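Student: Residue numbers are given in my numbering: position 41 of the sequence shown equals residue 99, and the series is strictly consecutive. For each residue, glycine too, the CB sits at the ideal point set by N, CA and C. Please read all numbers here as calculations on a predicted model, not as lab measurements. Take a look at the following structure, please.
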Amino acid sequence: MFQQQKTLIQDLPKIQNLYEKYQLDSNKFQELTKNSQNFKVRIPLIGAFSAGKSSLINALLAQRLLAVEIDPASNLATEISFAETDQILGFKDNQFVKELSFEQLKSQDFDDLGANGHVEVKLNNPLLQSLPHLCLADLPGLDSKSEAHSQAIHHYLGRSLAYCIMVSSEEGTLKESIKNFLAELALHQAPVLVIISKSDKRSAEDIEAIKQQVKQQVQAILPPDNYLNVVAASRKQFDTVIAALQELEQRSEQRFKEMVVKQSIDTIATLQQHIEVLNNQDNLDLESLKLKQTEMQEEMQHFQQKLKQEHQQINSRFNDVLSQITQHIRSRLTGETDSFANSVLHQGSDIQQQITYSVRIGMTEGMERYFKPLVEKYLHRIESELPEQLKINQNFNFEASDNDGLNTTILTGAATLLPIVLRSFPYAAVIIPIISTILGKFISDSQKEQQRAEQREQARSYVQATLIPQVMAQVELNLRQILTAQLQQVEQNVQQQIDEKYQQAQLALAQLAQQLQQGEAEQEQQRAIYQQDLTTLNQVIKALNP
Numbered sequence: 059m060f061q062q063q064k065t066l067i068q069d070l071p072k073i074q075n076l077y078e079k080y081q082l083d084s085n086k087f088q089e090l091t092k093n094s095q096n097f098k099v100r101i102p103l104i105g106a107f108s109a110g111k112s113s114l115i116n117a118l119l120a121q122r123l124l125a126v127e128i129d130p131a132s133n134l135a136t137e138i139s140f141a142e143t144d145q146i147l148g149f150k151d152n153q154f155v156k157e158l159s160f161e162q163l164k165s166q167d168f169d170d171l172g173a174n175g176h177v178e179v180k181l182n183n184p185l186l187q188s189l190p191h192l193c194l195a196d197l198p199g200l201d202s203k204s205e206a207h208s209q210a211i212h213h214y215l216g217r218s219l220a221y222c223i224m225v226s227s228e229e230g231t232l233k234e235s236i237k238n239f240l241a242e243l244a245l246h247q248a249p250v251l252v253i254i255s256k257s258d259k260r261s262a263e264d265i266e267a268i269k270q271q272v273k274q275q276v277q278a279i280l281p282p283d284n285y286l287n288v289v290a291a292s293r294k295q296f297d298t299v300i301a302a303l304q305e306l307e308q309r310s311e312q313r314f315k316e317m318v319v320k321q322s323i324d325t326i327a328t329l330q331q332h333i334e335v336l337n338n339q340d341n342l343d344l345e346s347l348k349l350k351q352t353e354m355q356e357e358m359q360h361f362q363q364k365l366k367q368e369h370q371q372i373n374s375r376f377n378d379v380l381s382q383i384t385q386h387i388r389s390r391l392t393g394e395t396d397s398f399a400n401s402v403l404h405q406g407s408d409i410q411q412q413i414t415y416s417v418r419i420g421m422t423e424g425m426e427r428y429f430k431p432l433v434e435k436y437l438h439r440i441e442s443e444l445p446e447q448l449k450i451n452q453n454f455n456f457e458a459s460d461n462d463g464l465n466t467t468i469l470t471g472a473a474t475l476l477p478i479v480l481r482s483f484p485y486a487a488v489i490i491p492i493i494s495t496i497l498g499k500f501i502s503d504s505q506k507e508q509q510r511a512e513q514r515e516q517a518r519s520y521v522q523a524t525l526i527p528q529v530m531a532q533v534e535l536n537l538r539q540i541l542t543a544q545l546q547q548v549e550q551n552v553q554q555q556i557d558e559k560y561q562q563a564q565l566a567l568a569q570l571a572q573q574l575q576q577g578e579a580e581q582e583q584q585r586a587i588y589q590q591d592l593t594t595l596n597q598v599i600k601a602l603n604p
């Protein structure tokens, strides 16, 4: 357990008691306590269906936990972590459904969990005990065409410490699906560890050559800081994998500081400011206090007008930003015309995956380039206009927090919605008729080359004039809905946090007004209590910032 984690587990009840003592909202402590006690970050294992993910997990755990011969179409994400008591839980749409047996897990007997379900396995296992802050997530194979698998994979963006990419030594190189996935991870700056599985199938020299080749391929795609390592493993030799996981366990402490410790310090800072107002170091009397209350109300009214103007301004820019993102996606699709046309000529093979991938990449790039700066400028302007009495020594926090206490940024939040963009696009209805038209002619061998050239041109024309416009029509419709929802969420979070800060400031001044009506001796006694509580809070913050 991290030292700061021990501090929080020990001191959060004390901080919560102080919140309640000063009549502040203490509901947040339930989540803070849970995140402090049960902090875990996910390590998704990604690879082709035959990469050997389940076999490696079984070997690492020294037990046959997962089935190795499974139906890829029905496999669900399986999260495995340490607990004192063994337990297997089934979830549907992130809601607990039922407890499962080990036999049900091995036989994949969880149809009632649905395509978007997942399984959580908690084991009292020696390896997992040595990795108390990691949760290994065995995800469905990347080559699956199931939309649910795509959703399961993107569900982990923003919730993971690093991605573990499995590459079979029998393949010896990165498959196209892996390269595409790495390109997406690069946009989100997600760290990546690569494991060459089934290393016993090749000679030591071959494995070393494969490692070097895969390393070069990965480094060509990822930013330098996001490449971690390439290691080799088999069902019998996996010490290098354990060492890599132990290194990730050490890295998890920094994530704990960034998420849980920071949130806790911000919570303490709110309480500190409240007590400092009550401590009345400015020696305000009742008349001066009433004047200050009036000034704060006037400042807040003025700020609300400014906030309204900022809302109007960001919404006035929305259509331009949407148009820029849409054009970026269209340009990416247009640049893939030859590839799409080739897929059409091969009777639509993989074109759905190709288009979905291009749209996802284009949307993520567009949001990073156009939407994120729009929101960041909006938040910066609000921070600069915020009344001084509402500032609590912290940046304005607009990012959502999931059930694990890990922040979900605008980009990772939108990433979970990417599969929706082309959810109902009728690929078969759009593509099959043109295939029949283009490939429906049978002529002599002497004319085949001319026919192939004509077919390629027909396919290109179809992609440019029909396929891309129809894809973009649905993209524009759903993208507007997604970005509108994202923008509304940001505005709601901003307003909610401002309201909370204003209510806290009002409460502090109201409590000070009551205190000023007491006698001097009582006030002096209260000030001694305030000083003692501030000392307690400062000691906790010092322990959290060694």
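1. Could you please give the first and the last residue of the uninterrupted beta strand (DSSP E) stretch that includes residue 288?
2. Looking at the strands, I want to know which residues DSSP matches up with residue 108.
3. Any contact between the stretch 221-231 and the stretch 92-111? By contact I mean 3 or more CB pairs, one from each, below 8 Å.
4. Counting along the chain, where does the alpha helix (DSSP H) carrying residue 176 start and finish?
5. Are the CB atoms of residue 82 and residue 347 within a distance shorter than 8 Å?
6. What is the DSSP secondary structure of residue 510, counted as helix, strand or coil?
7. Given a threshold of 16 other Cβ atoms within 10 Å of its Cβ, counted over all protein chains shown, does residue 483 qualify as buried or as exposed?
8. Determine the contact status of residue 199 and residue 171, defining contact as a CB-CB distance below 8 Å.
9. Under the rule that 16 or more other beta-carbon atoms within 10 Å means buried, what is residue 510, buried or exposed?
10. On the three-state DSSP scale, how would you describe residue 77?
11. Residues in the same chain with beta-carbon distance under 7 Å from residue 600, minus the five sequence neighbours each way, listed in chain order, please.
12. Only counting the same chain, and skipping five residues up and downstream in sequence, which positions put a Cβ closer than 6 Å to that of residue 190?
13. Going by DSSP in three states, residue 521 sits in which element: helix, strand or coil?
14. Three-state secondary structure (DSSP) at residue 494?
15. Would residue 115 and residue 146 be called neighbours here (beta carbons separated by less than 8 Å)?
16. Which of the three DSSP states, helix, strand or coil, is assigned to residue 466?
17. Going by DSSP, what residues sit across from residue 354 in a beta bridge?
18. Check each candidate in 549, 564, 386 and 569 and name the one with the smallest Cα separation from residue 533.
19. Tell me whether the beta-carbon of residue 326 lies closer than 8 Å to the beta-carbon of residue 73.
20. Would residue 526 pass as a contact of residue 380 if the rule is Cβ separation under 8 Å?
21. Would you list the residues sitting across from residue 577 in a DSSP beta bridge?
22. So for residue 532, helix, strand or coil by DSSP?
Tutor: Taking the geometry as given:
1. Your numbering for residue 288 matches position 230 in the sequence shown. Start and end: 285-290.
2. As a working mapping, residue 108 is identified with position 50 in the sequence shown. Paired residues: none, contrary to the question.
3. yes
4. Here residue 176 refers to the residue found at position 118 when the sequence shown is read from its first residue. First-last for residue 176: 176-181, but that is the beta strand (DSSP E), not the alpha helix (DSSP H).
5. As a first step, residue 347 must be located in the sequence shown, where it is residue number 289. As a first step, residue 82 must be located in the sequence shown, where it is residue number 24. Not a contact, by the Cβ cut-off of 8 Å.
6. Position 452 of the sequence shown holds residue 510. DSSP places residue 510 in helix when its eight states are reduced to three.
7. Taking the first residue of the sequence shown as position 1, residue 483 is located at position 425. Residue confidence is low: residue 483 scores 49 on pLDDT, short of 50, so the model does not pin down where it sits. Its coordinate-derived value is still stated next. It is buried - the Cβ of residue 483 has at least 16 other Cβ atoms within 10 Å.
8. As a working mapping, residue 199 is identified with position 141 in the sequence shown. As a working mapping, residue 171 is identified with position 113 in the sequence shown. Not closer than 8 Å, so no.
9. By 1-based counting over the sequence shown, the position of residue 510 is 452. That one is exposed.
10. Mapped onto the sequence shown, residue 77 falls at position 19. It is helical.
11. As a working mapping, residue 600 is identified with position 542 in the sequence shown. So no residue of the chain qualifies.
12. For the purposes of this step, residue 190 is taken as the residue at position 132 of the sequence shown. Taken in chain order, the residues that qualify are 140.
13. Looking up residue 521 in the sequence shown gives position 463. Helix, per DSSP.
14. Taking the sequence shown and counting its residues from 1, one reaches residue 494 at position 436. Low local confidence applies: a pLDDT of 47 at residue 494 is under 50, so the model's placement there is unreliable, and no value is given.
15. Here the question's residue 115 lines up with position 57 in the sequence shown. Here the question's residue 146 lines up with position 88 in the sequence shown. No, these two residues do not count as a Cβ contact at 8 Å.
16. Counting from 1 along the sequence shown, the entry for residue 466 is found at position 408. The pLDDT assigned to residue 466 is 47, lower than 50, so where the model puts this residue is not dependable; a value taken from the coordinates is nonetheless given after this. The answer is strand: DSSP assigns residue 466 an E or B state.
17. Position 296 of the sequence shown, counted from the first residue, corresponds to residue 354. In the DSSP output, where bridge partners are listed per residue, residue 354 has none listed.
18. Start at 1 with the first residue of the sequence shown, and residue 533 comes out as number 475. Of the candidates 549, 564, 386 and 569, the one whose C-alpha sits nearest the C-alpha of residue 533 is 386.
19. Here residue 326 refers to the residue found at position 268 of the sequence shown. Here residue 73 refers to the residue found at position 15 of the sequence shown. Yes, the Cβ-Cβ distance between residue 326 and residue 73 is below 8 Å.
20. On the sequence shown, residue 526 is found 468 positions in, with the first residue counted as 1. On the sequence shown, residue 380 is found 322 positions in, with the first residue counted as 1. Result no, Cβ atoms of residue 526 and residue 380 do not sit closer than 8 Å.
21. For the purposes of this step, residue 577 is taken as the residue at position 519 of the sequence shown. In DSSP, residue 577 forms no bridge with anything.
22. For the purposes of this step, residue 532 is taken as residue 474 along the sequence shown, with counting starting at 1. Note: residue 532 maps to helix in three-state DSSP.
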